[in-house]
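S.K.:
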Amino acid sequence: MEIIDQHTKEIMEGCKVRARDAGLRFDDESIEYIVTNQDLLELSPKGMIPTLYDYWVHDLEILKGRREYELYPHNPYETVINSRPPLSFYNDNNPDWLNVMIFYHVLAHIDFMQNNGYFRHTWDDDFVGLALADKRLINDLRTRHGRWVDYVIEFTRGIDNITGYYQVLSDLNAAEYIAKPGRLDYFFDVFLQKVKNVQAPEYLKEIDDFNRIKRESPLDVESILMSGIRNRFPEFENLYEKYQAEKTPKPRDIIEYLMRYSPFLNKEENEWMKSVMQIVRNTALYFEPQRRTKIMNEGWATYWHFELFLQDDRIKGHEADFARVNAFVTSLPKLGMNPYAIGWRLFQHIEEMAEKGRISYDFEKILDVEERKKFDRKTGKGRDFIFKLRNELCDFNFINTYVTQDFADRHNLVIIGERVNEQRMTKEYYIKSKDADDYKKLIIDSLIHPPFITVSEETQRDGVLSLVHQYEGKQLIPEFIENVMTGIEYLWGGEVKLETHLIQKGQPEKITYVMKDRKLSSDAS
Amino acid sequence: MRKSDNNNLPEKVKREIENSDVGHRMPEESKRFGSDLSSHIYSPDDFSVLQAIEPPSPHYRTIKSLDELLERDEQRNKDGFKRKINIGKIIKPGRAGSKKIIIVPTTTEDKFYHDSRVSEENENHEDSRDSDSDETETGESAGTAEGEVGDVIGERPLTPEGEGEGTGAGSGSGGEHEIGASAYELGKVLTEKFKLPNLKDKGARKTVIRYNYELTDMNRKHGQVLDKRKTLMEIIKTNINLNRFDPDMPPKPENFIINPRDFMYRVLSKEKEYESQAIVFFVRDYSGSMHGKPTEAICSQHVMIYSWLMYQYQEQVMTRFILHDTEAKEVPDFYSYYNLNVAGGTKIQSAVDLVNEIVEKENLAANYNIYIFYGGDGDDWSPDKNLFDEAFSKLFSYVNRMGITIVRNSYMAQDKLTDFELFLKERSILEKHKDLIELDVISEDADDKRLVEGIRNLVS
Chain U
1 MEIIDQHTKE IMEGCKVRAR DAGLRFDDES IEYIVTNQDL LELSPKGMIP
51 TLYDYWVHDL EILKGRREYE LYPHNPYETV INSRPPLSFY NDNNPDWLNV
101 MIFYHVLAHI DFMQNNGYFR HTWDDDFVGL ALADKRLIND LRTRHGRWVD
151 YVIEFTRGID NITGYYQVLS DLNAAEYIAK PGRLDYFFDV FLQKVKNVQA
201 PEYLKEIDDF NRIKRESPLD VESILMSGIR NRFPEFENLY EKYQAEKTPK
251 PRDIIEYLMR YSPFLNKEEN EWMKSVMQIV RNTALYFEPQ RRTKIMNEGW
301 ATYWHFELFL QDDRIKGHEA DFARVNAFVT SLPKLGMNPY AIGWRLFQHI
351 EEMAEKGRIS YDFEKILDVE ERKKFDRKTG KGRDFIFKLR NELCDFNFIN
401 TYVTQDFADR HNLVIIGERV NEQRMTKEYY IKSKDADDYK KLIIDSLIHP
451 PFITVSEETQ RDGVLSLVHQ YEGKQLIPEF IENVMTGIEY LWGGEVKLET
501 HLIQKGQPEK ITYVMKDRKL SSDAS
Chain X
1001 MRKSDNNNLP EKVKREIENS DVGHRMPEES KRFGSDLSSH IYSPDDFSVL
1051 QAIEPPSPHY RTIKSLDELL ERDEQRNKDG FKRKINIGKI IKPGRAGSKK
1101 IIIVPTTTED KFYHDSRVSE ENENHEDSRD SDSDETETGE SAGTAEGEVG
1151 DVIGERPLTP EGEGEGTGAG SGSGGEHEIG ASAYELGKVL TEKFKLPNLK
1201 DKGARKTVIR YNYELTDMNR KHGQVLDKRK TLMEIIKTNI NLNRFDPDMP
1251 PKPENFIINP RDFMYRVLSK EKEYESQAIV FFVRDYSGSM HGKPTEAICS
1301 QHVMIYSWLM YQYQEQVMTR FILHDTEAKE VPDFYSYYNL NVAGGTKIQS
1351 AVDLVNEIVE KENLAANYNI YIFYGGDGDD WSPDKNLFDE AFSKLFSYVN
1401 RMGITIVRNS YMAQDKLTDF ELFLKERSIL EKHKDLIELD VISEDADDKR
1451 LVEGIRNLVS
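Chains as they are written, first to last, in the numbering used here: chain U, 1 to 525; chain X, 1001 to 1460.
#1: Give a yes or no on whether 8 Å exceeds the smallest Cβ distance from residue 1075 of chain X to chain U.
#2: Could you list which residues in chain U have their beta carbon closer than 7 Å to that of residue 1286 of chain X, in chain order?
#3: When you check each C-beta in the segment 1336-1347 of chain X against every C-beta of chain U, which residues fall closer than 8 Å?
#4: For residue 519 of chain U, report the span of its beta strand (DSSP E) as first-last.
#5: Give a yes or no on whether 8 Å exceeds the smallest Cβ distance from residue 1156 of chain X to chain U.
#6: Count the other CB atoms, across all protein chains shown, that sit within 10 Å of the CB of residue 519 of chain U; report buried if there are 16 or more and exposed otherwise.
#7: Assuming residue 33 of chain U and residue 89 of chain U are in contact, meaning their beta carbons sit under 8 Å apart, how far apart are those beta carbons, in whole angstroms?
#8: Roughly how many whole angstroms lie between the Cα atoms of residue 1155 of chain X and residue 1115 of chain X?
#9: Between the beta-carbon of residue 296 of chain U and the beta-carbon of residue 398 of chain U, is there less than 8 Å?
#10: By the 7 Å beta-carbon criterion, what residues does the segment 426-443 of chain U contribute toward chain X?
#11: Does residue 494 of chain U have its Cβ less than 8 Å from a Cβ in chain X?
#12: Please name the residues in the segment 325-349 of chain U whose beta-carbon is closer than 8 Å to at least one beta-carbon of chain X, in chain order.
#13: For the putative contact between residue 1291 of chain X and residue 1341 of chain X, defined by C-beta atoms under 8 Å, what is the C-beta separation to the nearest angstrom?
#14: By how many angstroms is the C-alpha of residue 59 of chain U removed from the C-alpha of residue 1065 of chain X?
#15: Reducing DSSP to helix, strand and coil, say where residue 1347 of chain X ends up.
#16: Could you give the C-beta distance for residue 1261 of chain X and residue 1225 of chain X, rounded to a whole number, given that I count them as a contact under 8 Å?
#17: First and last residue of the beta strand (DSSP E) that includes residue 469 of chain U?
#18: For the segment 255-262 of chain U against the segment 130-147 of chain U, are there 3 or more C-beta pairs whose distance is under 8 Å?
#19: Establish whether the CB of residue 453 of chain U and some CB of chain X are separated by less than 8 Å.
#20: Give the straight-line distance between the Cα atoms of residue 102 of chain U and residue 115 of chain U, rounded to the nearest whole angstrom.
#21: Between residue 18 of chain U and residue 376 of chain U, what straight-line distance do the alpha-carbon atoms span, to the nearest angstrom?
#22: Does residue 1066 of chain X come within less than 8 Å of chain U when only Cβ atoms are used?
#23: Flag residue 1180 of chain X as yes if its beta-carbon sits less than 8 Å from any beta-carbon of chain U, otherwise no.
#24: Give the interface partners of residue 480 of chain U over in chain X, defined as CB-CB distance under 8 Å, in chain order.
#25: Just how far apart, CA to CA, sit residue 449 of chain U and residue 1449 of chain X?
#26: Name the one or two DSSP bridge partners that residue 263 of chain U has.
#27: Could you pull out every unbroken beta strand (DSSP E) segment of at least 3 residues lying fully inside the segment 1330-1414 of chain X, listed in chain order?
#28: Starting from the C-beta of residue 1075 of chain X, find all residues in its chain whose C-beta is less than 7 Å away, skip the five residues before and the five after it, and write them out in chain order.
#29: Could you tell me which chain U residues have their CB closer than 9 Å to the CB of residue 1072 of chain X, listed as they occur along the chain?
#30: Within a Cβ cutoff of 7 Å, which residues of the same chain sit near residue 420 of chain U, ignoring the five residues on either side of it in sequence?
#31: Just to make sure I have the definition right: I need the residues of chain U whose C-beta is within less than 8 Å of the C-beta of residue 1144 of chain X. Which are they?
#32: Is residue 1373 of chain X near the ligand NAP, in the sense that its beta carbon is under 7 Å from a heavy atom of that ligand?
#33: Need the endpoints of the beta strand (DSSP E) that residue 1440 of chain X sits in, please.
#34: Would you kindly report the start and end of the unbroken alpha helix (DSSP H) that includes residue 17 of chain U?
#35: Quick check on DSSP: helix, strand or coil for residue 88 of chain U?
#36: Decide if the segment 341-349 of chain U is in contact with the segment 291-305 of chain U; the criterion is three or more beta carbon pairs, one per stretch, under 8 Å apart.
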């Protein structure tokens, strides 16, 4: 693993200039490394973060990966890490012209990750550096608590896929004063109006006071005013703190709930576990957006390497080579789905539609096929439109909104069924449906959608932690429930209940699991 | 001072220092980047590689080896948590029906995930489709195709090629070697992790080392026999390097330049060979009723037994594979053993007879420890039970251990004894040969853990 040489870096910087001219936006700095396939094998269990905390499951994955590699050697071109500065890894056997193409691809990834709103919570951090600090902390804890650190990691990882990711995003986007009003805001908006129920003239007098002080000494408004308020209302400070406490955000997921309320974790000798849990949770949150924007991110990168590479004067003579590599990456397989290819074609399709003004009510209401074909407003806004999508969407709404029948027909997207033909002793593949909605459903089903499980405080009794799974037509994998609940019981330090549904003979049936003393039982007959 | 420094250097460099002549100096270590810039990413100084940040001290760790991981798994048990490490197989279908199997350690990270195997609508579908007897839906996926709904766009044979009759001894022989390579490791894991017993030394024969002279070593320019294939390859390499070979054009041998160094010869060499100490017969029922899960279960278990024996005997194990329906036959390798299926009846006696015959004809009993592992679903149509009993008794005159695994088919009554079990019981074979035979009955859905448990039963 080493930093790319000056010659290659120069190529990269050249790519940056051209990518910026085309409208991509990203930070100036980036670090590029040359890695071998072996390095990548070791990195992939860690989500490509070289500094991620050590965990035995990763080691096992590496051992497995090495064996797998013997059977299926593979040669990934690049990997990008969303950090500040972003790191990217390149295979050690890429020729220059290929690197030009890959750099564009990488820059588009970086652009996507630095602008798409689903990545908002990762924008301010040098994650690679944070991870290193976390890794050191965990190793430090290991020297004191040994394997119990790994148990805490394991048990927290058991629930790290159901973190309150959207809650985290929404908290970040909420304005500061809504989340936490200051003393003055509280005084005027809540204390006077709701606690003291003052009449209008009195209220206006307070406002006058405020304005006068602000005119006289604009810098010390708050302190001057507050000392007066404290004199007049001795109860103010108390009430304000109480109000603040009420306003403190509720735990956003099970991990946060455990960290705040678990009697076991709140024992002094177990406090260290919380920092481990925090690390696991933060790491999981960091990976969330990437898992939710795979199709878009790859589509976006493919779109831009295709656009920019062809205009690059430095690749003269390698057009045919490029065509070959690009075709590999973007071909639509007869059987199966290629996220690069679908995402790329969808971006192209949407750009074209927006360019012609077809993403509009005016177009939607035309029913005549011929007229639809001719519809072209020449808006010149196609590019702008896809840039907007890159800021605002994730895979789900991207696919759900823009995979239309037009798009499916244009690229011959179909659902392929398999059936056994016993006469010919073959498995037959046939076109099962050409309906875009079916295709859309199949893709959407394959997108990540963690179960929604929350702590229910209503049913909480006698120190029992009560979890409720919101049933969405799918049961939880029954085999995993025991181990996950064992972990939660450990972190909670007492009995844990889980309400969920199990599908029996095609019908969902309510079931409650109870984990007590590391024994799982359920109320199923 | 120098000594302690060395501890942090990679193995290769250390060796170089030790072997270096006096006066040969290693290049000065760069202070800034730590000892080795291109060092392992798991090396303690990962950030010295990334951003030239000084490594923290003390150094912490590297990847754990499988042994350490298994030890940790053992510790879990003591701490009151379930074990997590399992043994998985990766199977890569190859040309001509041969498969590569690689044994890997696996673990699942249990989380609350949605279960995509069952859904509400799906089950209803299945009910309504029961009338369709000819074609059964097996799945659907996204794809691209031109044509209309209902058009068939392709097909794939149900059974992998190379099945049918297990002829062509050469076809799968490469495979045997592949599994051999990882079998030893699996055996070690099984022995250590699952606490499979070490074999009792029942007068085991000493390993015999033999020397053979074989034409296996290669030499350039001269030797005993010219290897034409290798030589031709060398010539082509030479010509590629000289740019006289265009891959897109048919080669013109008359234009080739031949370097004397291109001639590759085989030379006689002395090879050390260990005589095997044990011979294992794997016998299984491949009749129609075994199709699917039962076969899978038996074969998985037999792979593990094979691996375990490989470890126990330090790879000095010979294997023979026998399949039977109403007739028995020997197949050359594990791959045929694994893959073959026919739709015949079942006569276990045929297999027993064949084993007896082989042992007798090759005089194996005198030279080897003999193990027999039998797997089937318990069906048996052997018409003459007395003859069967006789054949069986013969077997016990030489076998060191016989292990019988019966997989109960899901469609059979679970509490009723199968024909074979009934036979064993009537003739009280299990009691008579208590030390030599073990029977284990499993369900067709048995997982790896249960299979290993079964092995323990069979060999204890």
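Beta carbons: idealized from backbone N, C-alpha and C, even for Gly.
M.R.: Inspection of the coordinates gives the following:
#1: yes
#2: By Cβ distance, chain U contributes nothing, its closest Cβ being about 17 Å from residue 1286 of chain X, past 7 Å.
#3: none
#4: 519-522
#5: yes
#6: exposed
#7: 5 Å
#8: 29 Å
#9: yes
#10: 426, 427, 428, 429, 430, 431, 432, 433, 434, 439, 442 and 443
#11: no
#12: 332, 333, 334, 335, 336 and 337
#13: 6 Å
#14: 8 Å
#15: coil
#16: About 17 Å; that fails the 8 Å criterion.
#17: 465-470
#18: no
#19: yes
#20: 20 Å
#21: 30 Å
#22: yes
#23: Because the pLDDT of residue 1180 of chain X is 46, which lies under 50, any placement of that residue in the model is unreliable, and the question is left without a value.
#24: 1108, 1110, 1111, 1112 and 1113
#25: 31 Å
#26: According to DSSP, which records beta bridges pairwise, residue 263 of chain U is partnered with nothing at all.
#27: 1369-1376 and 1401-1408
#28: none
#29: 56, 147 and 150
#30: 427
#31: 332, 333, 334, 411, 412, 413 and 414
#32: No copy of the ligand NAP occurs in the structure displayed, which carries no ligand at all.
#33: 1437-1443
#34: 6-21
#35: strand
#36: yes
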